[in-house]
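Residue numbers (this note's numbering): 5 to 151. Glycine included, C-beta positions come from ideal geometry on N, C-alpha and C. Report on one structure; see the data block that follows.
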Ligand SMILES: CCCCCCCCCCCCCCCC(=O)SCCNC(=O)CCNC(=O)[C@H](O)C(C)(C)COP(=O)(O)OP(=O)(O)OC[C@H]1O[C@@H](n2cnc3c(N)ncnc32)[C@H](O)[C@@H]1OP(=O)(O)O
């Protein structure tokens, strides 16, 4: 696994996101790492991000985890393909399927893979696991910011 998180390679002006900005002291500060042929993020949400039933995670938080990790996955995949440094991608499209209720209180693992890289556009498929249980999947289209 690469030691440096992808989010720690974002340019200063793009490092303020609530979900993944290292400069956002009130945010989640998610960290994603390339491992093998996919990108991995691990995060344990705080208990107040509960959904309608105590003990289970709010769906908006699930979407946020998938969203920010998807952006990192796109940046890493594009960088590996082009040989260029990590650049910033923004979400153009985000589709989430909630497969099973997601428990709060255990570490979640989000796995991302780029399924297509076409110029500035990267399509990413994501899976969110609680232990061995697949709780949510995502499909995203991300677009590389212009210089
Ligand atoms: C001074 C600097 C200022 C910088 C400027 C501010 C930037 C701010 C940075 C934020 C950094 C944090 C990001 C955090 C991660 C988020 O959470 S991002 C927040 C949610 N997302 C947004 O707010 C994005 C809002 N949307 C947009 O800004 C623009 O629509 C986009 C996504 C940048 C695309 O616009 P564009 O750069 O003009 O690119 P465009 O040529 O339209 O599309 C490129 C390709 O993507 C495809 N595409 C675009 N949208 C879609 C879509 N919805 N579905 C399918 N395909 C699509 C196009 O068809 C095209 O494909 P090809 O024709 O090449 O095959």
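Status (buried if at least 16 other CB within 10 Å, exposed otherwise) for residue i
i           : result
residue 68  : buried
residue 87  : exposed
residue 96  : exposed
residue 104 : exposed
residue 149 : exposed
residue 110 : exposed
residue 52  : exposed
residue 94  : exposed
residue 77  : buried
residue 25  : buried
residue 82  : buried
residue 33  : buried
residue 11  : buried
According to DSSP, residues forming a beta bridge with residue i
i           : result
residue 148 : 93
residue 112 : 47 and 134
Check whether residue i and residue j have beta carbons under 8 Å apart
i           : j           : result
residue 80  : residue 90  : yes
residue 114 : residue 98  : no
residue 120 : residue 127 : yes
Rounded distance between the beta-carbons of residue j and residue i, thought under 8 Å
i          : j           : result
residue 59 : residue 107 : 6 Å
residue 35 : residue 15  : Actually they do not touch by this definition, with Cβ atoms about 17 Å apart.
residue 72 : residue 21  : 7 Å
> Unbroken alpha helix (DSSP H) runs of length 4 or more, entirely within the region 49-92: which are they?
Replying inline: 63-86
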